[in-house]
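A.B. asks: Structure below; questions to follow.
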Amino acid sequence: MEATNWRKGMKWIGASAELVMDHPVEAVWEFVSNIENFGRWVDAVQEPKWTSEGERGVGSTYESEYVWSGKTSHVEYEVTEYEQPSKFGSRTTAGRYPYQGTITIE
Numbered sequence: 011m012e013a014t015n016w017r018k019g020m021k022w023i024g025a026s027a028e029l030v031m032d033h034p035v036e037a038v039w040e041f042v043s044n045i046e047n048f049g050r051w052v053d054a055v056q057e058p059k060w061t062s063e064g065e066r067g068v069g070s071t072y073e074s075e076y077v078w079s080g081k082t083s084h085v086e087y088e089v090t091e092y093e094q095p096s097k098f099g100s101r102t103t104a105g106r107y108p109y110q111g112t113i114t115i116e
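Just add 10 to the spot in the sequence shown (first one is 1) and you have this note's numbering.
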């Protein structure tokens, strides 16, 4: 599926994946919604950290370094969906690699 990117009219490809885990939903939520774990399940992400203060939720922000083809780029993100313990979504707000995605936990 191809769609127009929300920035500069770029194109992006939609994708989905499913993974069955033998863990309680709450444990999976705690892992994926903790941005410090981002680099543990996305190989190219390094040094992820929250940049906003206070409670986590829609509108919270975080940043990371993203390494692709030997080049490191700074990326900034915004949380777009936050429904504990079932949905976590985010999108990039700055950086070279546009991204928008949602993790659904059932």
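Note that CB positions come from ideal geometry on N, CA and C, so glycine has one too. Fair warning: this is a prediction, and the values are worked out from it, not measured in the lab.
Which residue marks the beginning of the beta strand (DSSP E) containing Glu75, and which one marks its end?
C.D. replies: First-last of the beta strand (DSSP E) with Glu75: 71-78.
A.B. asks: Would you please verify whether the beta carbon of Gly69 is less than 7 Å from any beta carbon of chain B?
C.D. replies: Judged by its chain identifiers, the structure shown contains no chain B, having just a single protein chain.
A.B. asks: Between which two residues does the alpha helix (DSSP H) carrying Gly49 extend?
C.D. replies: Run containing Gly49: 48-51, per the alpha helix (DSSP H) assignment.
A.B. asks: Spell out a yes or no on whether the segment 93-112 and the segment 55-64 are touching, meaning 3 or more CB-CB pairs, one atom from each, closer than 8 Å.
C.D. replies: Verdict: no, contact absent.
A.B. asks: CB Ser74 to CB Glu88, shorter than 7 Å?
C.D. replies: Not closer than 7 Å, so no.
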